[in-house]
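Here the structure is laid out as structure tokens; the discussion comes afterwards.
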Amino acid sequence: MSTATTTEVVSRTGEVLKPKKHKGRILGSVVIALGIAFILVYCLAPFYWMIVSALRRPSEGRSTELIPSPISVENFIAVFDPSNHFARALLNSLIVAGSTTLLVLVLGVFGAYALARLDFRGKVLVMFLIVATSMFPVVTLVVPLLKLFSGGFVWFPFNWINTYQAMILPTISFALPLAVWNLNAFFRQLPVELEQAAMIDGTTRFGAFRRVILPLAAPGVFTTAIITFIAAWNEFLIALTMVNAPLMQTANVAISKFTGISQFDTPYGTKMAAGVIVTVPLIIMVLIFQRRIIGGLAAGSVK
Amino acid sequence: MTSTAARSATIGGRRGKRIGGDHGRMAYLLLLPTLVLLALVVGFPLVLSAWQSLMQSGQGIDPATGLIIKGDTFVGLDNYIDAVTGTGAGAGFWNAFWNTTLFTVVGVSIETVLGVAMALIMAKAMRATGLVRASILIPWAIPTVVSALMWQLIFDANGIANRLLDYQVLWTTEGWQAKAAVLIADIWKTAPYIGLLTLAGLQTIDKQVYEAATVDGANRWQTFWRITLPLVRPVLVVAVLFRLLDAMRMFDLPYVLLGTLDSGQTLSMLATDAAAKTNFGAASAYSMVLFAYICLVAFLFIKLLGADVIGDQNRPPRKRRVPRRLRTTSEGSMP
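Those protein sequence lines, which keep their order, are chains S and X.
Numbering of the first sequence is given in my numbering, commencing with residue 1 and proceeding in unit increments.
Numbering of the second sequence is given in my numbering, commencing with residue 1001 and proceeding in unit increments.
Encoded structure:
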């Protein structure tokens, strides 16, 4: 093969390999190995500390031993103590994040397709508006909505405090732009020829969208669903403001309000165990779909 | 790949001419649900907030009749003036403003340097890439509330941070150390995110550009400043802008890590606090100031650094053009 000469000279990293630079290369790989080790410790050490602290006995909440002895699951049992309503909080989180994701995807997929494929007047303005809303400070919405939902205006005679819709509607404000933006990036990656072929074969543009583009974009829709779900699941300010009844709290709010027996006793073990419970489903999702998630996160910024 | 890109570009050009009002109407129809919903959950509350910021909520006494008026009274710009002069209800405004600024500027600067360093390392790594990629997503996936609790434990007076430092710092008490705690926790969570996005940008750079640089005798330092950084810049600028605007609305982390300490109070927290006391007028004013501040930063950033947030379709990105030219010559020289 004619490329044989090239592979001899160029390493996988794209550096030209000269016999003289051998020492530098070894030094370089040592630096990179150290860098990798740093990244791993940086990302995993605090997370490891959370897991380890969750696995201690409740009385050893502040212990600084690197490995808990004995390992105990008492904290995990304490999390589900009926007074915490934590199972219900998980369900609330699932309802809020799940229905937000579903709603946002169903509506966003059409808008994203229009932005990716159709030319129309005011397109740049619409794209600008969508990006702008995704950077909108949530607190600017939460303040008037709190007043609105708590019956502060005569023309809105409903009390929506402690309801799911009071959490879902404001969450849409950042979840919808996020979803539209990600989907838009995925649609753009698909070749235009596919729809054109389908339309030449006699289907309408909508038919081409439904039968050709949507099935092909399924991985993209799925990735967007995961990213949107994680964003909605992690939301805190809205859930904290719109709800004061323990039974309607989301998991994040419930964890932040865990209290110990006395005011000065912080139940670190229980909090860490609850944190692990909330985080582990996300970590599993991330581990399974890591390639797609990275692709999805990057798609929003690399064009 | 080059030919596909070129082909779709010409087709795109032709399509642009062909599509008339017919598809325009369809586009509006498809966008309608998104836009209506956004108008409802963003536009409407924004207008309401702007209006509310000119009101004094709660009960006041009518000077003419001496009766208690329930509901809102129009006070003009009083809420804003209170905030800027730091009088009355606006006492905590400047503290919150400077905290927000500090967390944003210092936090995002360190995150960016750290994130780019991580991306450079990951781009060079040949082994354990799956493990690295998975672990770098963990800080991103952990809910901020959970990470705040995690750091609260780490920064406990008898916690692991003090043990490792072998020095007693009361991290979660008023003072610079509380700000440092917020910054460390924030940087931990977001630097890997910048790293990921930068890595994605690095991977779109054609390796032959580096070959050309090496042939031209560039050393590593020159290669980084003259090639890597300019080529990854469009991606990095957008990532940094998103992070800046996200840091400016920070709420969860200081709220959970420090509670109501003044040292960690941000504008978002100040507004939420006022709203919780049903002082909606002041709360709206703070949140409108934050909104204006965010708009200003976004505007300056886009103007000065040319962040291409929307991604202009008509102009092919520069990073593609450079490798294409190089590839043609190399293809030409090889049979």
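Using N, Cα and C, we set each Cβ at its ideal position, and we do this for glycine too.
From the listed residues Ala1185(X), Thr1198(X), Phe1155(X), the smallest Cα separation to Leu1229(X) is found for Thr1198(X). For Thr228(S), no chain X residue has a C-beta closer than 7 Å to its own C-beta; the minimum C-beta separation is roughly 13 Å. The three-state secondary structure of Met1055(X), taken from DSSP, is strand. Interface criterion met: the Cβ of Arg1163(X) is under 8 Å from a Cβ in chain S. Shown here for Ala299(S): same chain residues with a beta carbon closer than 7 Å to its own, the five before and five after excluded, namely Asn182, Ala185, Phe186 in chain order. Under the Cβ distance rule, Met272(S) counts among the residues neighbouring chain X, one pair being separated by less than 8 Å. Between Ala1128(X) and Ile36(S), the gap from beta carbon to beta carbon is short of 8 Å. No residue range can be given for Pro157(S), since it is assigned to no alpha helix (DSSP H) and is classified by DSSP as neither H nor E. Comparing alpha carbon positions, the residue from Leu1253(X), Val1240(X), Trp1094(X) closest to Val1116(X) is Val1240(X). From the beta-carbon of Val1042(X), the residues of chain S found nearer than 8 Å are Thr133, Phe136, Leu141, Ser173.
Annotated as proximal: Thr140(S) and Phe1291(X), with beta-carbon spacing under 8 Å.
For Met1055(X), not one C-beta of chain S is nearer than 8 Å to its own C-beta.
Residues of chain S whose Cβ lies closer than 7 Å to the Cβ of Tyr1028(X) are, in chain order, Phe120.
For Arg1133(X), at least one C-beta of chain S is nearer than 8 Å to its own C-beta.
Just measuring C-alpha positions, the residue of Thr270(S), Val106(S), Gly122(S), Ile200(S) sitting nearest Val221(S) is Val106(S). Residues of chain S with a Cβ closer than 9 Å to the Cβ of Gln1265(X) do not exist; the shortest Cβ-Cβ separation is about 13 Å.
With 16 or more other CB atoms across the displayed protein chains lying within 10 angstroms of its CB, Asp1252(X) is buried. Contact annotation: in the stretch 280-293 of chain S, residues whose CB is within less than 7 Å of a CB in chain X are Leu282, Ile283, Val286, Leu287, Gln290, Ile293. Residue pairing from DSSP places Phe1074(X) in a beta bridge opposite Met1055(X). Each of Lys1207(X), Tyr1080(X), Leu1032(X) was checked against the Cα of Val126(S), and the nearest Cα belongs to Leu1032(X).
Per DSSP, reduced to three states, the secondary structure at Thr1100(X) is helical. For Phe186(S), the enclosing alpha helix (DSSP H) begins and ends at 164-189. Residue range 1160-1165 is occupied by the alpha helix (DSSP H) that includes Asn1162(X).
Look at Ile293(S) here: in three-state DSSP terms it is helix.
Separation of the CB atoms of Val96(S) and Thr250(S) is rounded to 6 Å, and the pair is thereby assigned contact status at 8 Å. With a beta-carbon spacing of about 5 Å, Ser1053(X) and Met1288(X) fall inside the 8 Å limit used to define contacts.
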